[in-house]
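Residue numbers (my numbering): 223 to 432.
The structure is reproduced here in structure tokens:
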């Protein structure tokens, strides 16, 4: 009787392991065909930059969060003290077949003022600094090249940091899709809406052909 129970247990174990193995293979296959890339950027309040990039064709999703600092799992309240070293950033998931990383960077220079140190409008502090966090050498090279090209459009020196991304910490839930969910809020109406309107107008303009 014990042997029967043992065999039944082994059979169930083998069956379950086979199912799990099959599930793992399916997951890996899905990951192999995944064709999006990530860009991590900070240009002041992440509510503003999130709203801009959500409008850009080819962008699949935008997450607001924190990066560039030392503290693990920081909270919004902690980041606001300026003591964590983190900046408010967004992580953009995009389809490179539709929008290139270079276009992501072009939009970055348009979405904020990269010449003001630790400041965007009335928002001041190191958490509002201009920063590009690259994931690999290709992104690093593209960011440096883009920064040099963008400098020609500004009379003051660009102060944007270009640093490696160590870790991105997603912000609290109420920060996600902030403008979409709070468009009537005073800050959104006074600060974000004008930027959104300006960028929307630019998107509607005919693209220049080489």
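For every residue, glycine included, the Cβ atom is placed at its ideal position computed from N, Cα and C.
Asked: Based on Cα-Cα distance, which residue from 291, 304 and 314 lies nearest to residue 276?; Found: 314
Asked: Quick check on residue 264: buried or exposed, where buried means 16 or more other Cβ atoms within 10 Å of its Cβ?; Found: buried
Asked: May I ask you to list the residues that DSSP assigns as paired with residue 315?; Found: 260 and 283
Asked: Can you give the Cα-Cα distance for residue 383 and residue 353, rounded to whole angstroms?; Found: 5 Å
Asked: Leaving out the 5 sequence neighbours to the left and right, which residues in its chain are closer than 8 Å to residue 291 when beta-carbon positions are compared?; Found: 301, 306, 307, 308 and 309
Asked: Take residue 376 as the anchor and find which of 336, 357, 270 and 386 has the nearest alpha-carbon.; Found: 336
Asked: Would you mind reading off the limits of the alpha helix (DSSP H) that contains residue 416?; Found: 415–426
Asked: So, are the CB atoms of residue 326 and residue 272 less than 8 Å apart?; Found: no
Asked: Applying the 10 Å Cβ sphere with the 16-neighbour rule, what's the burial state of residue 361?; Found: buried
Asked: For residue 385, list the residues DSSP reports as bridge partners.; Found: 355
Asked: To which residues of the same chain is residue 373 closer than 7 Å at the C-beta, ignoring the five residues directly before and after it?; Found: 380
Asked: Report yes if the CB atom of residue 278 is closer than 8 Å to the CB atom of residue 329, and no otherwise.; Found: yes
Asked: Going by the beta-carbon positions, is the gap between residue 391 and residue 296 smaller than 8 Å?; Found: yes
Asked: Going by C-alpha distance, which of 357, 366 and 396 is nearest residue 389?; Found: 357
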